[in-house]
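Structure first, then comments.
Numbering (our numbering), first residue to last: 48 to 680.
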């Protein structure tokens with residue numbers, strides 16, 4: 048086998064730019080031409096306050112809090128929108144600048160009717176922080192009373208115009224970062240507000256519930272629909288058995304809600320915290336991630352066999368991952384012609400929910416009506432996914448409640464549980480055994496890496512370490528929008544027992560090159576799908592991982608605020624470190640080696656991966672060999 052890493056589509060060469068010297072508050076700094084004054088000031092250690100700026104977004108210069116004096120300019124300039132093109136002298140702390148910033152804040156509060164103590168962002172509100180920084184102790188222009196105009200938008204988003212400061216971060220996030228464009232500016236003058244195109248209901252526009260707008264809102268005007276009352280009621284009801292599954296990305300980020308540095312792992316302490324909250328069992332979503340890899344890997348091999356060996360194309364290539372509900376909804380909206388390319392596998396959350404609602408309840412003598420199944424996810428779109436009518440049993444959703452990382456942190460604080468001070472504890476059986484491959488699902492490229500570890504071993508019979516050092520598939524790691532890796536299968540071993548229900552031999556793969564790609568962020572996904580539709584470089588791929596959010600699940604819309612490139616990188620490091628620790632401690636790192644997954648196939652899914660039993664519980668539709676059957680009713 049050989050490994051190559053072809054360049055991603057659209058790769059360009061670097062362009063040399065001129066360096067310009069400027070002075071900020073007496074501090075000299077040299078920056079490339081076109082650098083904003085805001086960024087130049089940061090580089091020389093000068094902080095300029097701002098409200099509309101966010102490092103993930105293009106600047107708009109709408110809040111005017113970042114105004115500065117520039118020698119030779121008659122008016123104050125917005126530092127975020129002023130590019131450096133020639134040597135200048137900038138002053139950020141003059142009396143004139145201080146008065147202007149105070150005036151801007153006074154005017155903002157004259158329209159900001161939020162009741163801070165009851166706000167979900169109390170203590171993490173950027174406007175609140177700026178008020179403290181600038182000594183706001185009165186409201187010279189008055190302050191309005193809350194109007195009660197807050198409304199729920201769709202299944203996972205809530206908007207309160209009283210708290211909106213019209214920084215347009217949400218609009219820029221939706222349009223520029225995600226390429227969705229569901230949000231926009233409505234009205235003019237003092238009637239300006241944020242809403243959907245033509246103020247249509249959210250279920251009639253292209254919103255994918257990714258929650259990225261929430262993560263960049265500075266005040267809490269946008270927030271997730273919180274189920275805390277329902278969760279606490281279930282936990283306090285002795286007649287109910289309440290179980291929770293926890294995904295890897297929240298465990299790498301929830302420490303930030305308790306003052307920890309980004310990337311501080313909390314996996315084992317979180318288990319203790321959940322038990323103190325009152326959960327009857329704490330399970331690891333990574334178990335279902337391992338199960339997903341086995342099912343998805345088997346489906347990929349079947350599609351490869353049908354398309355490459357049999358010439359049957361009902362299930363086309365490239366196969367797309369289906370574990371990100373925001374990405375799935377975006378595909379349904381914008382590129383429905385590619386729905387057949389989606390893997391039929393449910394997401395790990397929904398595979399887990401299905402097993403808890405059926406097999407777990409049956410094995411433990413629990414009436415499903417008395418069971419509350421909760422998931423901890425980094426993603427607001429998971430709320431939308433759990434509510435899809437096809438993902439349930441006997442009229443009940445498989446997952447009753449989805450908690451985001453922020454929401455669970457709020458519940459822990461409400462009950463006086465200080466997460467960093469808790470002891471470590473393990474997950475509960477039978478869903479407490481996972482692998483390092485399940486862990487890395489939390490970062491962009493993790494699903495692909497886990498799949499390659501398993502598929503390579505199943506096909507060749509050789510350990511993944513023979514191709515990837517320490518089984519680390521480094522080409523798919525990172526934060527480039529599109530990443531590629533090609534794996535040449537120079538030998539195909541005997542059919543392993545796990546795949547004996549699907550294949551008699553694997554020699555048809557001998558000499559084939561498995562072409563894979565990883566895409567994160569829906570804006571990048573749109574470009575990738577357009578490339579495939581046009582017959583571009585990605586059209587020749589066999590398997591592509593798509594994630595809706597920048598960085599994958601670690602950058603999900605339910606994660607702690609703020610989020611930046613550096614914060615997402617720190618969370619990813621925590622996830623990869625946990626995967627590495629599995630290997631160092633002798634625990635398995637490959638999904639097909641998970642003993643709990645192997646037990647499931649022996650005792651429940653007895654017709655193997657891709658069989659009818661697996662499709663009934665773990666997939667969205669049943670697709671026997673060479674046949675296409677549409678989505679399940």
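C-beta: ideal position from N, C-alpha, C; glycine also.
Whether residue 211 touches residue 230 by CB criterion (8 Å): For residue 211 and residue 230, no; Cβs fall outside 8 Å.
Of the residues 420, 108, 101 and 114, which one's Cα is nearest the Cα of residue 95? 114
Less than 7 Å between C-beta atoms, sequence neighbours within five positions excluded: which residues of the same chain meet that for residue 571? 528 and 529
Closest by C-alpha distance to residue 152, when choosing among 132, 203, 97 and 120: 97
Buried or exposed: which applies to residue 623, given that a residue is buried once 16 or more other Cβ atoms fall within 10 Å of its Cβ? buried
Which residues in the same chain as residue 242 place their Cβ atom closer than 6 Å to its Cβ, once the five residues preceding and following it in sequence are excluded? The beta carbon of residue 242 is closer than 6 Å to those of 233 in its chain, skipping five residues each way along the sequence.
Is DSSP giving residue 77 helix, strand or coil here? strand
Give the DSSP-derived three-state secondary structure of residue 619 in the structure shown. helix
Are there 16 or more other CB atoms within 10 angstroms of the CB of residue 188, so buried, or fewer, so exposed? exposed
Cβ-based burial, residue 497 [other Cβ within 10 Å; buried from 16]: buried
Check for me: the beta strand (DSSP E) holding residue 567 runs from which residue to which? Element bounds for residue 567: 560-567.
May I ask you to report which of helix, strand or coil DSSP gives residue 206? strand
By alpha-carbon positions, which one of 593, 554, 170 and 478 ends up nearest to residue 305? 170
Host beta strand (DSSP E) of residue 69 (start-end): 66-71
What number of angstroms, rounded off, separates the C-alpha of residue 369 from the C-alpha of residue 393? 7 Å
Is residue 421 near the ligand SAH, judged by its Cβ being under 7 Å from some heavy atom? In the structure on display, the ligand SAH does not appear, and there are no ligands present to speak of.
Would you kindly work out how many angstroms separate the C-alpha atoms of residue 117 and residue 82, rounded to a whole number? 15 Å
Hey, residue 102 and residue 611: beta-carbon distance below 8 Å or not? yes
Helix or strand or just coil, what does DSSP make of residue 138? strand
For residue 336, which residues of its own chain have a beta-carbon under 6 Å away from its beta-carbon, when the five flanking residues on both sides are left out? 395, 485 and 488
Residue 449 - containing beta strand (DSSP E), residue span: Note, residue 449: beta strand (DSSP E), 448-451.
By Cβ distance, which residues of its chain are closer than 7 Å to residue 587, with the 5 residues on each side in sequence left out? Hits under 7 Å: 562.
Closest by C-alpha distance to residue 140, when choosing among 293, 88, 222 and 442: 88
According to DSSP, is residue 351 helix, strand or coil? helix
Is there contact between the segment 431-449 and the segment 463-480, where contact requires at least three CB pairs shorter than 8 Å? no
Could you have a look at residue 29 and say whether DSSP puts it in helix, strand or coil? Only positions 48 to 680 of the chain appear in this structure, which leaves residue 29 out of reach.
Beta-ladder partner(s) of residue 366, from DSSP: 590
Between the alpha carbons of residue 297 and residue 425, how many angstroms are there, rounded? 5 Å
Return the Cβ separation of residue 600 and residue 568 in integer angstroms, given the expectation that the two are a contact with Cβ distance under 8 Å. About 13 Å separates the beta carbons of residue 600 and residue 568, which is beyond the 8 Å limit, so they are not a contact pair.
Under 8 Å by Cβ, that's how I've got residue 310 and residue 618 pegged, so tell me the actual separation to the nearest angstrom. 6 Å
First and last residue of the uninterrupted beta strand (DSSP E) at residue 116: 114-117
Should residue 582 go down as buried or exposed, given a rule of 16 or more other Cβ atoms within 10 Å for buried? exposed
By Cβ distance below 8 Å, which residues in the same chain neighbour residue 194 in space, the five residues on each side in sequence not counted? 160, 208 and 209
Below 8 Å, can you find three or more Cβ-Cβ pairs linking the segment 548-563 to the segment 313-333? no
If you drop the 5 nearest sequence neighbours on each side, which residues of the same chain put their C-beta closer than 6 Å to that of residue 444? 433
Could you give the first and the last residue of the continuous beta strand (DSSP E) run that contains residue 420? 418-424
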